[in-house]
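Visitor:
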Amino acid sequence: MDTTLPQEYQLLLQNASLALGALIVSAFASYWIGVAYIPVFIIFLYIGQYFKKSSSEIKRLEGVTRTPVYNLFSETLSGLSTIRAFRMEDSFIEQNRRVVDANSNLYFTYWAASRWLATRLDLLSVLIIFVVTLYLVATAGSVGSLTSALSLTYSLMLTSMVQWVMRSVDRTDNAMTSVERLLYFRQIESEDTAGKIIDELTARDPQ
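Heads up: the sequence shown begins at 50 in the numbering used here, then just goes up one per residue.
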């Protein structure tokens, strides 16, 4: 996490800067194109916030259900001889299937939500391309050919750039979920079992 989180922040800033630059260049042909971007940008923020709430909860639950998978695997390996001695293989296979299914369901839900977001971002990107193309066709002759080509090219590039921005936001938010879990574990009070055992032995020791 110490290496992943700074990298995710760097990618987020880089992708956001590229997307913003593409928006500015594509609106360079006319300020009316920039005005048309305002409602599209508002819709983009709304969809992003809506997805972020669901994505954060799904990813948090996916992390919670992932821990039992690792724990059961570790316990099975350490107690393999005991499990075979008592013929409990079927029971542990069923437990493993249950915890893996619980984690896989949330993992699939997370990626299905990501595809939901990608579809709507593609629609927004198509809307941006449509606005730019419609304006350039309607004002043919008033805008230079080089400016028109540059504006249209960068509006086409927004399709992938917007995807990368939201993907970077999602991955950064997921990395912060790990930080949240670490802070939660940090607040848990440690059990002073050693001190209690010493006190019990001292109380039992005859004077």
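For each residue, glycine too, the CB sits at the ideal point set by N, CA and C. None of the values given here were measured: they were computed from a predicted structure.
To the nearest angstrom, how far is it from the Cα of Asn64 to the Cα of Lys102?
Guide: Reading the sequence shown from its first residue, position 15 is the one you call residue 64. Reading the sequence shown from its first residue, position 53 is the one you call residue 102. Straight-line Cα distance between these residues: approximately 21 Å.
Visitor: Given a cut-off of 8 Å, decide if Leu201 and Val175 are closer than it, judged by their beta-carbon atoms.
Guide: Against the sequence shown, residue 175 aligns to sequence position 126. Against the sequence shown, residue 201 aligns to sequence position 152. No.
Visitor: Judging by CA-CA distance, which residue of Arg216, Asn223 and Arg169 is the nearest neighbour of Leu61?
Guide: The count along the sequence shown starts at 1 and reaches residue 61 at position 12. Closest option to Leu61, Cα to Cα, is Arg216.
Visitor: Report, in whole angstroms, the separation of the C-beta atoms of Val84 and Ile177, which I expect to be a contact under 8 Å.
Guide: Within the sequence shown, numbered from 1, the residue matching residue 84 stands at position 35. Within the sequence shown, numbered from 1, the residue matching residue 177 stands at position 128. Contact flag wrong, Cβ pair sits at about 13 Å.
Visitor: DSSP beta-bridge partners for Val258?
Guide: Outside the displayed range of the chain (50 to 256) lies residue 258, so it cannot be described from this structure.
Visitor: Run the CB neighbour count on Phe100, radius 10 Å, all protein chains shown included, and call it buried at 16 or more, exposed below.
Guide: Within the sequence shown, the letter at position 51 stands for residue 100. Residue environment analysis places Phe100 among the buried positions, since at least 16 neighbouring C-beta atoms fall within 10 angstroms of its C-beta.
Visitor: Give me, in chain order, the residues of the same chain whose beta-carbon lies closer than 6 Å to that of Leu67; leave out the 5 immediate sequence neighbours on both sides.
Guide: Reading the sequence shown from its first residue, position 18 is the one you call residue 67. Here the set comprises Met210.
Visitor: Can you check which of these residues, Gly190, Tyr86 and Glu57, is closest to Phe179 by C-alpha distance?
Guide: Stepping through the sequence shown from its first residue, residue 179 is reached at position 130. Phe179 has its Cα closest to that of Tyr86, out of Gly190, Tyr86 and Glu57.
Visitor: Tell me the rounded alpha-carbon separation between Ser153 and Ala161.
Guide: Taking the sequence shown and counting its residues from 1, one reaches residue 153 at position 104. Taking the sequence shown and counting its residues from 1, one reaches residue 161 at position 112. Straight-line measurement puts the Cα of Ala161 at about 12 Å from the Cα of Ser153.
Visitor: I need the straight-line Cα distance from Ser197 to Leu207, nearest angstrom please.
Guide: To locate residue 197, count along the sequence shown from 1; it is residue 148. To locate residue 207, count along the sequence shown from 1; it is residue 158. So the two alpha carbons sit approximately 16 Å from each other.
Visitor: Looking at Thr52: is its Cβ nearer than 8 Å to the Cβ of Ala224?
Guide: The residue given as residue 52 occupies position 3 in the sequence shown. The residue given as residue 224 occupies position 175 in the sequence shown. No, they are not a contact pair.
Visitor: Just confirm the distance between the C-beta atoms of Thr125 and Phe135, as a whole number of angstroms; I'd bet it's less than 8 Å.
Guide: As a first step, residue 125 must be located in the sequence shown, where it is residue number 76. As a first step, residue 135 must be located in the sequence shown, where it is residue number 86. Not a contact, Cβ separation roughly 13 Å.
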